[in-house]
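Asks: Structure incoming, see below.
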Amino acid sequence: MKTITVPSIEQVDPESQSMFEQMKKRMGKVPNLYATMGYSSHGLKGFIDFETALSKGVFTGKQREAIALTVSEINHCDYCLAGHTAMAVRNGLSIEDTLKIRSGGIEDKKLDAIIKLSKSIIDNKGHAEDQYLENFYSAGFDEGALMELIGFISLRIFTNYVFAATNIPIDYPLAPILTE
0 MKTITVPSIE QVDPESQSMF EQMKKRMGKV PNLYATMGYS SHGLKGFIDF ETALSKGVFT
60 GKQREAIALT VSEINHCDYC LAGHTAMAVR NGLSIEDTLK IRSGGIEDKK LDAIIKLSKS
120 IIDNKGHAED QYLENFYSAG FDEGALMELI GFISLRIFTN YVFAATNIPI DYPLAPILTE
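So the sequence shown is numbered by numbering that gives the first Met the number 0: it starts at 0 and just counts up by one.
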């Protein structure tokens, strides 16, 4: 079976190389997952453009990270759990908060509504349970927020599946193990 490795900048096309340079300036590095997506400049650009557009929407950094942690926990993506735990802490969540999110609930009403609806959408292949939709709307979100939530879920599924298909090295500190 072919082993997929993280490409060097010389192994990707000029468009991916340009995106790598932008990432280095913004993040200080090109994370292994993004570098691996760079095998397809179209895939990497589509991902970055979609994420950038959604990041200008209704969800805060904490809320976006809660979605990422929820999806990545369900999909058992160690890479994304590591990266998004680090990002969640940078966005003001504690390690304890990240573990509560991954376990399926947190005290914050808005975050809890996001987490539970995200899980319901994934578990039911898009057919969210009515109670979780109602909780989401009751927490102050609207139909536009629902569309953005589905978009963020889709983004994380993409990154989770890239890792699952490649098993590239994790270049973030590992997320704490979730004990139930």
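Glycine included, every Cβ here is placed at the ideal spot set by N, Cα and C. Since we're looking at a predicted model, the values are computed, not measured.
Starting from M0 and walking both ways along the alpha helix (DSSP H), at which residues does that stretch end?
Replies: Counted from its first residue, the sequence shown places residue 0 at position 1. From DSSP, M0 is part of no alpha helix (DSSP H); its letter is neither H nor E.
Asks: Can you give the Cα-Cα distance for S34 and K44, rounded to whole angstroms?
Replies: Locating residue 34 in the sequence shown gives position 35, counting from the first residue. Locating residue 44 in the sequence shown gives position 45, counting from the first residue. Residue 34 is actually Ala in this sequence, not Ser. Going from the Cα of A34 to the Cα of K44 covers about 12 Å.
Asks: Going by the CB atoms, is the gap between L110 and K55 shorter than 8 Å?
Replies: In the sequence shown, residue 55 corresponds to position 56, counting from 1. In the sequence shown, residue 110 corresponds to position 111, counting from 1. No; because the gap between Cβ atoms is not below 8 Å, this pair is not in contact.
Asks: Secondary structure at G27, three-state DSSP: helix, strand or coil?
Replies: Within the sequence shown, residue 27 is the residue found at index 28, counting from 1. G27: coil per DSSP, three-state reduction.
Asks: If you reduce the DSSP assignment to three classes, tell me which class N134 lands in.
Replies: The residue you call residue 134 lines up with position 135 of the sequence shown. Of the three classes helix, strand and coil, the one that applies to N134 here is helix, per DSSP.
Asks: Can you tell me which of S39, D122 and F49 puts its alpha carbon nearest to the alpha carbon of I73?
Replies: For the purposes of this step, residue 73 is taken as the residue at position 74 of the sequence shown. Per the Cα distances, D122.
Asks: What number of angstroms, rounded off, separates the C-alpha of S102 from the C-alpha of F49?
Replies: Start at 1 with the first residue of the sequence shown, and residue 102 comes out as number 103. Start at 1 with the first residue of the sequence shown, and residue 49 comes out as number 50. One C-alpha to the other measures close to 27 Å.
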